[in-house]
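S.K.: Per our numbering, the very first residue in the sequence shown carries number 43; after that it's consecutive.
C-beta atoms are modelled at their ideal positions from N, C-alpha and C, and glycine is treated no differently.
Take this structure first; my questions come after.
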Amino acid sequence: MDCIFCQIVAGEVPSEIIYQDEEVIAFRDINPQAPTHLIIIPRKHVPSLAQLSEAEPSLIGHMVAAAGQLAKEEGVSETGYRLVINCGEWGGQLVPHLHMHLLGGKKLSGKLG
Ligand code: AMP
Ligand code: ZN
C-alpha cells in the first residue's frame, strides 16, 4: 500500500489528526495555504471523486458535515471558509485518495481556476 493518506489512516505516517469517526478522518495539511487548512478524507481508499460509486453519495455528505463541524471548532465558521475537492490531473489533484480541503482564517483569493 503506497497511498500516503491510507498510511495516515493506518497510523503508519504521523499526522495531526483532529477528527475521526467510523467513516472519515481529518488532519492538518502539511503545507498549509491558509491559517486553517484541514484535509478531510474517507477511511476507505477511493482514488478520486470520479471513482466514488453512485451507491455512496452519502460519503460526501458525511465529509461536508464533518467539515462544517470542524469549521466551527476552528473558529472560521462565522467569517467564512472554502471547501475544495480537486479531481484528476487537470483538477489539480496530487494525492490519489479522495479528499476535501477546508481553508479559512483569512480572506481567500477569488481565483478558482
Ligand atoms: P491535492 O492537490 O488536492 O491532491 O492536495 C493534496 C494535499 O495533501 C496538499 O495540500 C498537501 O500539502 C497535502 N499533503 C500531502 N501529504 C501530506 C501529509 N503527509 N500530511 C498532511 N497533508 C499532506
Ligand atoms: Zn488511499
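Determine the extent of the beta strand (DSSP E) in which His87 is found, giving its start and end residues.
M.R.: Premise fails: His87 is in no beta strand (DSSP E) and is neither H nor E.
S.K.: Does the region 54-65 come into contact with the region 88-95, if we say contact requires no fewer than three beta-carbon pairs (one atom in each stretch) closer than 8 angstroms?
M.R.: As far as the Cβ criterion goes, the region 54-65 does not touch the region 88-95, which means the pair count is below three.
S.K.: Roughly how many angstroms lie between the CA atoms of Ile67 and Asn73, to the nearest whole one?
M.R.: Computed Cα separation, rounded: 18 angstroms.
S.K.: Compare the C-alpha of Asp44 against each of His143, His139, Thr121 and name the closest.
M.R.: Nearest of His143, His139, Thr121 to Asp44, Cα basis: His139.
S.K.: Identify, in the order they occur along the chain, each residue of the same chain with its Cβ nearer than 6 angstroms to the Cβ of Cys48, setting aside the five sequence neighbours on each side.
M.R.: For Cys48, where only same-chain residues beyond five positions count, the Cβ hits under 6 angstroms are His87.
S.K.: Assign Ile59 to one of two classes, buried (16 or more other C-beta atoms within 10 Å of its C-beta) or exposed (fewer than that).
M.R.: Ile59 should be labelled exposed.
S.K.: In the DSSP assignment, the alpha helix (DSSP H) including Met105 goes from what residue to what residue?
M.R.: Segment 99-116, the alpha helix (DSSP H) holding Met105.
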